[in-house]
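Peer 1: Here you go, one structure.
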DNA sequence: ACGTTAGATTACCGGAAGATCATCATTGAT
DNA sequence: ATCAATGATGATCTTCCGGTAATCTAACGT
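Chains as they are written, first to last, in this note's numbering: chain L, 64 to 231; chain W, 64 to 231.
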């Protein structure tokens, strides 16, 4: 019922494993193994995110996936939109038929406000914030893949040596 | 994603058609016809609500369904609990695995607070409030079935002549 | 008793989300 | 050119929710 879709959660977990734009691509396979997300399912998910311009995926030798934007510029709302779309924001809490502009239900206004609060939060939380949140084990994974420890309290800056480098 | 289940909405619509405890039973058939809820599906729904002690259903001649408690004492939370259960309240917004007491995610606290607000609302809104809200057409239906116009601003009192009368 | 009028119950259909498997298609290395 | 690495894709499966249809069964009037 209430929470975001499970797949949006997958997206969060998966993107935490990726490098900033210009960094080294990480294999879908590795991300799948680490996160526990089924490989093939993850592949489709990544593809969806790629179409939305959130990540860049390359096939073949030395392929893999990299963030398309700095993690500080990817919000939870971006992920939710990309995966679950936006339709759910318009539905009445109780799914009442007539509920709308003309005849709002008792909870219409309350629900609109609540939704707005939630969306504001989704908008304000970035992938960088989530990485910083120490999803247990992500640190280890990131270390193994040459990713910086998130600097506490600071936006997780990407090493400048990687920023401008092409994806290879 | 976010809203309550469609079936909970059904329950709201359906119970708006019923009489206060002691009143005349209304047929599932009639409720189905009026609300547009499929008869057989509604039957199951009503049965579920009956098992939870929210309505009383009787079979056979002059059977039908009546509220088991005054509409002022049936909250949206009661309906939501009866139909969707309570498990969803415990899930992490993003479905993150480790999110819990030890390692809450960035949105854990926010989400807990938001949920609490929502539940407080569900708890404070009663069936009587919803009836008063003039779901368009419910008035007509209720009139046809001898139900009082909800007295604006007052708890919808049930005629004392019906209060103590047995269900027949 | 019996038959009619209800609700209850059982079995099944259909779509969406999540998941799996096998296979295809692209890319870089040689 | 060829091959191996790697993401993309299509078919299929499962589960859950919503919905349908047929049938069973309790309650009352006669």
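Yeah, the Cβ is synthetic: ideal placement off N, Cα and C, and Gly gets one too.
On a predicted model such as this, the values are computed, not experimentally measured, just so you know.
Would you say residue 134 (chain W) faces chain L, with C-beta separation under 8 Å as the test?
Peer 2: No, its Cβ sits nowhere closer than 8 Å to a Cβ of chain L.
Peer 1: Count Cβ pairs between the segment 132-141 of chain W and the segment 187-197 of chain W that sit closer than 8 Å; are there 3 or more?
Peer 2: Touching, yes, given that three or more Cβ pairs across the two stretches are closer than 8 Å.
Peer 1: So with Cβ pairs under 8 Å, would you call residue 196 (chain W) a contact of chain L?
Peer 2: Chain L contact via Cβ: present.
Peer 1: Looking at residue 143 (chain L) and the ligand GTP, is the gap between the Cβ and the nearest heavy atom below 7 Å?
Peer 2: For the structure depicted, the ligand GTP is absent and the ligand set is empty, with no information on it obtainable.
Peer 1: Taking C-beta to C-beta, are residue 196 (chain L) and residue 168 (chain W) nearer than 8 Å?
Peer 2: In contact: residue 196 (chain L) and residue 168 (chain W) (Cβ atoms closer than 8 Å).
Peer 1: Does the separation of the CB atoms of residue 89 (chain W) and residue 81 (chain W) fall below 8 Å?
Peer 2: Yes; because the gap between Cβ atoms is below 8 Å, this pair is in contact.
Peer 1: Kindly indicate if chain W contains any beta-carbon less than 8 Å away from that of residue 147 (chain L).
Peer 2: At least one chain W Cβ lies under 8 Å of residue 147 (chain L).
Peer 1: At 9 Å on the CB atoms, spell out the chain W contacts of residue 106 (chain L), in chain order.
Peer 2: Here the premise fails: no neighbours, minimum Cβ distance about 19 Å.
Peer 1: Whose C-alpha, out of W:172, W:149, W:166, W:186, is nearest the C-alpha of residue 64 (chain L)?
Peer 2: The shortest C-alpha separation from residue 64 (chain L) is found at W:149.
Peer 1: Let me know the secondary structure DSSP gives residue 191 (chain W) once reduced to three states.
Peer 2: Looking at residue 191 (chain W) - three-state DSSP - the assignment turns out to be helix.
Peer 1: Can you confirm whether residue 144 (chain W), when its beta carbon is compared against all beta carbons of chain L, has any partner nearer than 8 Å?
Peer 2: With 8 Å as the cut-off, residue 144 (chain W) does not count as an interface residue toward chain L.
Peer 1: Checking the sheet assignment: what are the DSSP bridge partners for residue 120 (chain L)?
Peer 2: L:128.
Peer 1: With respect to the alpha helix (DSSP H) encompassing residue 71 (chain L), which residues constitute its N-terminal and C-terminal limits?
Peer 2: Where residue 71 (chain L) is concerned, the enclosing alpha helix (DSSP H) stretches over 69-78.
Peer 1: Using 8 Å as the threshold, is the C-beta distance between residue 68 (chain L) and residue 91 (chain L) below it?
Peer 2: Not in contact: residue 68 (chain L) and residue 91 (chain L) (Cβ atoms no closer than 8 Å).
Peer 1: Establish whether the CB of residue 66 (chain L) and some CB of chain W are separated by less than 8 Å.
Peer 2: Closer than 8 Å to some Cβ of chain W, the Cβ of residue 66 (chain L) qualifies, so yes.
Peer 1: Which same chain residues end up closer than 8 Å to residue 118 (chain L) when comparing Cβ atoms and leaving out the 5 residues on each side of it in sequence?
Peer 2: Only 78, 81, 109, 112, 128, 129, 130, 131 meet the Cβ criterion.
Peer 1: Have a look at residue 171 (chain W) and residue 157 (chain W) and give me their C-alpha separation to the nearest angstrom.
Peer 2: If you take the alpha carbons of residue 171 (chain W) and residue 157 (chain W), they lie about 9 Å apart.
Peer 1: In the DSSP assignment, what residue or residues form a beta bridge with residue 89 (chain L)?
Peer 2: L:128, per the DSSP bridge assignment.
Peer 1: Quick one: Cα of residue 133 (chain W) to Cα of residue 145 (chain W), how far?
Peer 2: Residue 133 (chain W) and residue 145 (chain W): Cα-Cα distance of roughly 17 Å.
Peer 1: Can you pull the chain W neighbours of residue 72 (chain L), defined as C-beta to C-beta under 8 Å?
Peer 2: Result: 155, 157, 158, 159.
Peer 1: Nearest-angstrom Cα distance between residue 152 (chain W) and residue 178 (chain W)?
Peer 2: Cα to Cα, residue 152 (chain W) sits roughly 7 Å from residue 178 (chain W).
Peer 1: List the residues of chain W whose Cβ lies closer than 8 Å to the Cβ of residue 177 (chain L), in chain order.
Peer 2: Those are 177, 180, 181, listed as they occur along chain W.
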